[in-house]
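Working notes, structure below.
Numbering (our numbering), first residue to last: 115 to 420.
In structure tokens, the structure reads:
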């Protein structure tokens, strides 16, 4: 056999081996069938065009390193800072606007889909041939709910290892939270305020309650729902601490402005200026809940020593 022929055959054999070795990689993107909380399963293979509804959905996808797949979100999906196109308000989702983005998958949460004008949106999307995965609600379930959503997204994207790593990071932060909880658990009220004359007391349901308990406090609200702030109600509850959203504290004029809200100055929290602010996203329980709790726990540990 002459040299040119031998060389050609060697090259052909090498090329064949290269193709065979690459075959598993080319077929590694296997389809995943994921069951939503509404009982409907979706089968996806490495989604590339995802509309991610709810702030926590966007955050979790970022944490999994798949943010490049997001082609649309709602007005809450602003963290981490991004330029993802918005389809509109989270309580008024437009089916037509979502369909126009040509998603191969829409991922939303049960609480958003049940809010405002949204009931019926999922049926419209599915009727148009769009796959929709409904994740568990973000306003209940605490951190366990976050873990469940994280695991489902890990299945969708085929990255269970990344989901497991993030779960471990939660455990690490939770250990720090426990080590920094106050010696005396403060009795806490969460106020939701749009301005000096528009404030409500959040009850024992929702993300604010999970934050309070995780940070080592006790939610002092004697009800589960949300009620308009009145001086009589707040003085009767007499909390040791009051928390507001960052934007709420700003809207009422800071700590001094909070003290002017009905009844606040007459409470233990008001007299001792125990007014705290938390991230605006806390109503939707997301992956930063342990971080928010650690910050608050450290503040309370310093302020409630006995």
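The beta-carbon is built from N, C-alpha and C at its ideal position, and this holds for glycine as well.
Query, Result
"Does DSSP classify residue 373 as helix, strand or coil?", "coil"
"Taking residue 247 as the reference, give the member of 275, 351, 217 and 364 with the closest Cα.", "217"
"What residues in its chain sit with their C-beta under 7 Å from that of residue 321, if we drop five residues either side in the sequence?", "253, 396, 397, 398 and 399"
"Are there 16 or more other CB atoms within 10 angstroms of the CB of residue 173, so buried, or fewer, so exposed?", "buried"
"Which partner residues does residue 313 have in the DSSP bridge list?", "307"
"According to the Cβ coordinates, are residue 348 and residue 367 closer than 9 Å?", "no"
"Check this for me: beta carbons of residue 170 and residue 404, under 9 Å apart or not?", "no"
"CB-CB under 7 Å to residue 203, same chain, minus the five flanking residues each way: which ones, in chain order?", "188 and 189"
"Could you tell me which of 241, 257 and 386 sits nearest to residue 406, measuring between CA atoms?", "257"
"With a floor of 4 residues, list each alpha helix (DSSP H) that falls wholly inside the stretch 341-409, ordered by position along the chain.", "345-351, 360-366, 368-372 and 382-385"
"Taking buried to mean at least 16 other C-beta atoms within 10 Å of its own C-beta, is residue 145 buried or exposed?", "exposed"
"Going by beta-carbon coordinates alone, are residue 306 and residue 340 separated by less than 9 Å?", "yes"
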